[in-house]
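FYI, the numbering used here numbers position 121 of the sequence shown as 121, with every residue one higher than the one before it.
C-beta: ideal position from N, C-alpha, C; glycine also.
Owing to the predicted nature of the structure, the values given are computational and were not obtained by experimental measurement.
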Amino acid sequence: MAKDVDWSNLGFDYVKTDKRYVSNYKDGKWDDGVITEDDKVVISECAGVLQYAQTVFEGLKAYTTEDGRIVTFRPDLNAERMIDSASRLEMPPFPKERFLDAVKQVVAANREWVPPYGSGATLYIRPYMFGSNPVIGVKPAEEYQFRIFVTPVGPYFKGGAKPITVKISDFDRAAPHGTGHIKAGLNYAMSLHAIVTAHNEGFAENIYLDPATRTKIEETGGANIIFIDGDGNVVIPKSNSILPSITRRSLMVVAEKYLGLKVTQREVLLSEAENGDFKECGLCGTAAVISPVGKIVDHGKEYAFASGMDQMGPTLQKLYDTLTGIQMGRLEAPEGWIYEI
Ligand SMILES: *Cc1c(COP(=O)(O)O)cnc(C)c1O
Numbered sequence: 001m002a003k004d005v006d007w008s009n010l011g012f013d014y015v016k017t018d019k020r021y022v023s024n025y026k027d028g029k030w031d032d033g034v035i036t037e038d039d040k041v042v043i044s045e046c047a048g049v050l051q052y053a054q055t056v057f058e059g060l061k062a063y064t065t066e067d068g069r070i071v072t073f074r075p076d077l078n079a080e081r082m083i084d085s086a087s088r089l090e091m092p093p094f095p096k097e098r099f100l101d102a103v104k105q106v107v108a109a110n111r112e113w114v115p116p117y118g119s120g121a122t123l124y125i126r127p128y129m130f131g132s133n134p135v136i137g138v139k140p141a142e143e144y145q146f147r148i149f150v151t152p153v154g155p156y157f158k159g160g161a162k163p164i165t166v167k168i169s170d171f172d173r174a175a176p177h178g179t180g181h182i183k184a185g186l187n188y189a190m191s192l193h194a195i196v197t198a199h200n201e202g203f204a205e206n207i208y209l210d211p212a213t214r215t216k217i218e219e220t221g222g223a224n225i226i227f228i229d230g231d232g233n234v235v236i237p238k239s240n241s242i243l244p245s246i247t248r249r250s251l252m253v254v255a256e257k258y259l260g261l262k263v264t265q266r267e268v269l270l271s272e273a274e275n276g277d278f279k280e281c282g283l284c285g286t287a288a289v290i291s292p293v294g295k296i297v298d299h300g301k302e303y304a305f306a307s308g309m310d311q312m313g314p315t316l317q318k319l320y321d322t323l324t325g326i327q328m329g330r331l332e333a334p335e336g337w338i339y340e341i
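(1) Measuring alpha carbon to alpha carbon, tell me which residue in Tyr-117, Gly-28 and Gly-33 is nearest Val-22.
(2) Using CA coordinates, which residue listed in Val-103, Pro-244, Thr-17 and Leu-261 is at the minimum distance from Leu-349?
(3) When you compare each of Asp-310, Asp-277 and Lys-216 to Glu-267 by their alpha carbons, which one comes out closest?
(4) For Glu-302, which residues does DSSP report across the bridge?
(5) For Glu-205, write down the residues that DSSP places opposite it in a beta bridge.
(6) Using a Cβ-based criterion (distance less than 8 Å to any ligand heavy atom), does Thr-220 qualify as near ligand 1?
(7) Asn-224 bridges to which residues according to DSSP?
(8) Pull the bridge partners of Gly-131 from the DSSP assignment, please.
(9) Applying the 10 Å Cβ sphere with the 16-neighbour rule, what's the burial state of Lys-139?
(10) Does the distance from the CB of Tyr-339 to the CB of Phe-73 come in under 9 Å?
(11) One question on the structure: do Lys-3 and Pro-152 come within less than 9 Å of each other, judged by their Cβ atoms?
(12) Taking the alpha-carbon positions, what's the Glu-219 to Gly-232 distance?
(13) Does ligand 1 have a heavy atom nearer than 8 Å to the CB of Arg-248?
(14) Nearest-angstrom Cα distance between Tyr-320 and Ala-62?
(15) Does any residue of chain B have a CB that is nearer than 9 Å to the CB of Tyr-303?
(16) Between Ile-195 and the rest of its own chain, which residues show a CB-CB distance below 8 Å, the 5 nearest in sequence each way excluded?
(17) How far does the alpha helix (DSSP H) with Asn-78 in it extend, from its first residue to its last?
(18) Just grab the DSSP bridge partners of Ala-109 for me.
(19) Tell me the rounded alpha-carbon separation between Val-106 and Met-129.
(20) Determine, using beta carbons only, whether Met-312 and Ile-290 come nearer to each other than 9 Å.
(21) Just list the residues that DSSP pairs Arg-20 with in beta bridges.
(22) Cβ of Pro-314 within 9 Å of Cβ of Ile-326?
(23) Could you give the first and the last residue of the continuous alpha helix (DSSP H) run that contains Lys-318?
(24) DSSP three-state label for Thr-65, please.
(25) Run through the DSSP bridge pairs and tell me what Val-153 is partnered with.
(26) Within the same chain, show all residues whose beta-carbon is closer than 8 Å to that of Gln-145, passing over the 5 residues directly before and after it, in chain order.
(27) Kindly give me the distance between the Cβ atoms of Gly-329 and Thr-65, rounded to whole angstroms, as I take these residues to be in contact under 8 Å.
(28) Say the cut is 8 Å; is the CB of His-81 nearer than that to a heavy atom of ligand 1?
(29) Is Ser-245 near ligand 1, judged by its Cβ being under 8 Å from some heavy atom?
(30) Please confirm whether Ala-141 and Ala-47 have their CB atoms less than 9 Å apart.
(31) When you compare each of Pro-116, Leu-89 and Ala-79 to Arg-98 by their alpha carbons, which one comes out closest?
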């Protein structure tokens, strides 16, 4: 029986669910892991995560498909990305097979919290790990905790996907040889001031440029950027400091294999947006899939996209419909994309 929740009116806020998964790393190995009802984390006041922010995370969703199955979308890529993130912060990787098994266990244990098909809501899955033993001299922790909790989240767009206005940020997100390519809390801590500033100025998001030259478009604080050029083809910014979004990588496959579009991944100059070379622009990530951008504002100069401020452009809409169709089981998925719980 599903929980008595008003699924379509849920927001993107934490709702405590029944069960979570916990595994601890000590003496050089991960323990077997358990499903527990205990939502509290108890760690030393001097834990590595609290002093030096040694923590990485992931985000994915579970859906109810049209025919009533509960599935997750490409969790193997989340497992691999978390291994990359952990390695960059000198944390012991949580093995891929264990990650997939833990996702399965925690979703199954919270089966009643998976929103029904058609509600627009989904079950957000948050794996994360952190250094848990006392660390005062700067070094990696020796003990870690890996956890996954789940929380139901509402439809990202209530009443249709309205294009947003984004600004070119004066802050930098990720140094050329820094940590922009990993999913670490530290990238978000330092983005908070930039996002609060943007919101206070009336913008929905920040676009970050490459810090070295400030001429190339990278991404926003939590989403990759996708452009549609004048020929209706897909252009994706390329940089070593962009987080490899699973949504964006999947959209590239959908564009090529399902819609027959040409996909180019290359450095994208801000001047191309200024010149009106792109007709559509969207932000992609697990939360929204694609969030349309109507306008970029660069220090008072406005670069509007032909798709306008009323609705998502036609090509992005096709990409959106196809990817969500695959996720919800309405369209056949490429081999290995859908994991049934
Ligand atoms: C998580 C994240 C994304 C989106 O990645 P998905 O795997 O598609 O959810 C994009 N950019 C940043 C900085 C992120 O942290």
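Taking the coordinates as given:
(1) Gly-33
(2) Since the first residue of the chain shown is 1 and the last is 341, residue 349 is not available in this structure.
(3) Lys-216
(4) Val-297
(5) Val-166
(6) yes
(7) Cys-284
(8) Tyr-144
(9) exposed
(10) yes
(11) yes
(12) 21 Å
(13) yes
(14) 17 Å
(15) Chain labels in this structure do not include chain B; a single protein chain is all it has.
(16) Glu-205, Asn-206 and Gly-221
(17) 75 to 88
(18) Paired residue(s): none; Ala-109 is not in a bridge.
(19) 15 Å
(20) yes
(21) Thr-36
(22) no
(23) 314 to 327
(24) coil
(25) Thr-122
(26) Val-22, Ser-23, Asn-24, Tyr-25, Val-41, Ile-43, Met-129, Phe-130 and Ser-132
(27) 3 Å
(28) For the record, residue 81 in the displayed sequence is Arg; it is not His. Yes - ligand 1 has a heavy atom lying nearer than 8 Å to the Cβ of Arg-81.
(29) yes
(30) yes
(31) Ala-79
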